[in-house]
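Residues in the sequence shown are numbered from 222 upward in steps of one, following the numbering used here.
Glycine is no exception: its CB is placed at the ideal position from the N, C-alpha and C atoms.
Below is one structure; the comments refer to it alone.
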Amino acid sequence: MTKPLKDETNICFGCSPNNPIGLKMEFEDDGDVCRAYYTARPEHMGWNDVVHGGLVATMLDEAMGRWLWVRNLITMTAEMTIRYSKPVPVGVRLTVESSGVSQKGKLIEMTARIILPDGSLAARARAKFLKVGPGNLPEKGDAE
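This is the structure:
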């Protein structure tokens, strides 16, 4: 059984419903896989009705980050490799899925993929996330 995941306490670009320019991805988790069904909007276009590659990367990263967050793992993306297989079209319902692969020390390896409505693979990612404690996260204003 899946449970919907919502977090209205932040303005995360990927998932927050409170970010006016964000993707507003809504996730569910079935215990093994974290999943979002998402339709990219015209403003996400990079070229001729195709989602910008940077936003494809963002969707994949967000899905993996959400999988970790649901499991109470505070992490930061350390490394991510993406394979773009097909153009990701604007205006169609995409399935974005992520799952954990392995953990070695503070590094957690993850995978994610974007599946088109016809079931074909559009993009996939493999990433390493670094576990950090709450005290190691940047504070507001640290980037200034």
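Taking 6 Å as the limit between beta carbons, can you name the residues of its chain near residue i, skipping five residues before and five after?
{"i": "R345", "result": "R304 and R334"}
{"i": "R347", "result": "T302 and T332"}
Where does residue i land, buried or exposed, given buried means 16+ other C-beta within 10 angstroms?
{"i": "K224", "result": "The predicted position of K224 is uncertain, since its pLDDT is 48 and thus under 50; no value can be drawn from it."}
{"i": "K349", "result": "buried"}
{"i": "G235", "result": "buried"}
So residue i and residue j are supposed to be a Cβ contact under 8 Å. How far apart are they, rounded?
{"i": "L337", "j": "L315", "result": "7 Å"}
{"i": "K327", "j": "K352", "result": "4 Å"}
{"i": "I232", "j": "L289", "result": "Contact doesn't hold; Cβ gap of about 19 Å is too wide."}
{"i": "V311", "j": "M266", "result": "5 Å"}
{"i": "T279", "j": "L244", "result": "7 Å"}
For residue i, write down the residues that DSSP places opposite it in a beta bridge.
{"i": "M331", "result": "G321 and A348"}
{"i": "V272", "result": "M266"}
{"i": "L342", "result": "I336"}
Anyone know if the C-beta pair for residue i and residue j falls short of 7 Å?
{"i": "V254", "j": "S320", "result": "yes"}
{"i": "V317", "j": "A257", "result": "yes"}
{"i": "E283", "j": "M331", "result": "no"}
{"i": "V212", "j": "D250", "result": "Residue 212 lies beyond the stretch modelled for the chain, which goes from 222 to 365, so this question has no answer here."}
Spatial neighbours of residue i within its chain, please: C-beta separation below 8 Å, excluding the five flanking residues on both sides.
{"i": "V309", "result": "A261, V271, V272, V277, L315, I335, L337, A343 and A344"}
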